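With UniProt numbering, letter number 240 in the sequence shown gets 240, and the count goes up by one each step, no holes.
Glycine is no exception: its CB is placed at the ideal position from the N, C-alpha and C atoms.
Everything numeric in this text was worked out from a predicted model, so none of it was measured.
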Amino acid sequence: MKKKSAVLLVLSVLVIGILSYIGAFGLNVGDYRVKSFSQMLSKGLDLQGGVSVVEEIQGKADNTAIEKTIDLINLRINKLGVSETAVSKEGNNKIRIDVPGKFDKDEVINLIGKTGKLTFKDPNGGIILTGDDVKDASASISQETQKPIINLELKPAGTKKFAAATQKFLGQKITIYMDDQKITDPTVDVAITNGQAIIEGSASLEEAKNRADIIKSGALPVKLKVVQSQIVGASLGADALPKSIFAAEIAIGLIFIFMLLVYRIPGLMANIALVLFIVLVLFIFVTIKATLTLSGIAGLILTIGMAVDANVLIFERFKEELKLGKPVRSAFEAGFHRAMSSIVDSNVTTIITGCVLYALGIGQVKGFALTLVIGVITSMFTAIIVSKHLISWAINIGLINKASHFGVNLRGDNNA
């Protein structure tokens with residue numbers, strides 16, 4: 001038991017240490033590069049500047065039309081090469097578009113407001129089909145060639161027009177345009193009479209999917225009018241981001257010192273769990289492709305404090321049990337059990353609050369709420385699971401075996 005606990009404790013600390021190092025500095029393994037969190041996290045408009053536009057929907061539109069409009073705007077903006085674009089509904093009839101790192105306001109507004117005319121043109125520039133003739137478009141990997149393809153399905157009217165065109169222009173190119181932008185120009189290999197075509201030539205499945213989405217998108221289902229537009233300078237983020245990071249470093253450092261001074265060795269175990277908490281939260285942000293904003297950083301710092309708060313509750317319960325004269329192991333089990341209800345109640349109410357904020361809030365409020373919920377759930381895991389096991393292993397190997405190791409001064413220490 002003692003040997004097993006020692007091995008598990010050492011391995012856990014090593015794994016957490018390695019993950020922390022990779023997260024902070026990245027890692028080179030041969031030709032493969034594991035990026036650090038700072039390189040992988042997408043930064044919001046307030047951190048790197050960009051263009052912010054609010055469009056008002058003209059006339060009436062149902063939720064389906066609005067959601068489709070948001071999806072199409074996302075497709076159009078992403079053609080600028082900006083992957084961190086945030087397009088969201090604001091109020092009942094407005095759509096906000098935040099484009100980080102892009103400072104040409106007119107280009108963004110022009111791209112959003114385009115009608116989105118899809119056309120299939122023959123080699124002479126004549127229009128064969130329009131977006132109204134397209135029923136569906138999707139991407140997949142060809143079972144025969146193992147290369148990415150676009151599966152095109154046409155409506156009955158489009159099927160007839162396309163059949164005539166593919167018979168006429170056999171061996172020639174038919175070019176597909178969205179407005180004036182060429183999407184793809186496949187060569188006609190065979191006459192297509194059933195309204196189901198396969199378009200080859202995409203470099204990757206992702207490219208094929210993007211092309212298929214654009215072909216399927218067509219025009220915006222609602223008319224939009226710009227009611228607000230502004231350029232957000234990068235100077236705000238350049239000044240605020242370093243200060244926010246510095247504040248977070250000071251806060252974390254003070255927490256580490258406090259836990260060590262007040263709770264001694266258990267405090268050290270809690271600090272190790274806190275490091276894992278930070279790594280896990282940032283990893284989740286990268287995984288879900290969350291955009292980091294100033295409000296998100298504030299939420300992260302807040303959840304770090306809440307993660308420590310759970311450990312403080314547990315340790316104070318430990319102290320109470322030790323002062324009653326219980327051995328360390330018994331005090332550990334009883335204190336942990338007594339602290340659970342308080343931890344769960346406080347965290348669940350915070351999660352509910354965060355969910356309400358996310359559901360009803362807009363813009364940066366959503367970012368703060370998302371960070372808060374992710375942080376609280378992760379903090380419960382590190383406090384209830386990770387800290388408990390680290391301390392349990394430390395008790396098993398004798399690293400914690402008397403009340404003074406918890407910062408409790410008794411006349412006679414009770415060993416485990």
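- With the rule of 3 Cβ pairs closer than 8 Å, the stretch 261 to 278 counts as touching the stretch 388 to 407.
- For residue 138, the enclosing beta strand (DSSP E) stretches over residues 134 to 141.
- Judged by beta-carbon spacing, residue 70 lies beyond the 8 Å limit of residue 53, meaning their Cβ atoms are not closer than that value.
- Within its own chain, the residues whose Cβ lies closer than 7 Å to the Cβ of residue 374, once the five positions on either side in sequence are excluded, are 281 and 284, listed in chain order.
- Here residue 186 carries a coil assignment [DSSP, helix/strand/coil].
- Its chain contains 286 as the residues whose beta carbon lies nearer than 6 Å to that of residue 40, once the 5 sequence neighbours on both sides are disregarded; these appear in chain order.
- The beta carbon of residue 65 sits closer than 7 Å to those of 221 and 222, all from its chain and outside the five residues before and after it, given in chain order.
- Around the beta-carbon of residue 133, 16 or more other beta-carbon atoms lie within 10 Å, marking it buried.
- In this structure, DSSP gives residue 104 a state outside helix and strand, which the three-state scheme calls coil.
- The beta-bridge partner set that DSSP reports for residue 153 consists of 136 and 196.
- A contact between stretches requires three or more CB pairs, one per stretch, nearer than 8 Å, and the stretch 336 to 352 fails this requirement with the stretch 257 to 271.
- Rounded to whole angstroms, the gap between the alpha carbons of residue 122 and residue 200 is 17 Å.
- When the Cα atoms are used, residue 312 and residue 264 turn out to be separated by approximately 12 Å.
- Taking C-beta atoms under 8 Å as the contact rule, residue 6 and residue 245 fail to qualify, at a distance of about 36 Å.
- Taking the C-beta atoms as reference points, residue 128 is found no nearer than 8 Å to residue 157.
- Residue burial annotation: residue 379 is buried, with at least 16 other C-beta atoms found within 10 angstroms of its C-beta.
- Residue 314: member of the alpha helix (DSSP H) spanning 294 to 323, first to last residue.
- Here residue 178 is buried. Its C-beta has 16 or more other C-beta atoms within 10 Å.
- Taking a 10 Å sphere around the C-beta of residue 337, we find fewer than 16 other C-beta atoms and assign the residue as exposed.
- Nearest neighbour of residue 97 by Cα position, chosen from 107, 58, 110 and 51, turns out to be 51.
- Within the stretch 205 to 275, the complete alpha helix (DSSP H) runs of at least 4 residues fall at 205 to 217.
- Residues 273 and 276 of the same chain have their beta carbon placed closer than 7 Å to that of residue 386, with the five preceding and five following residues left out of the count.
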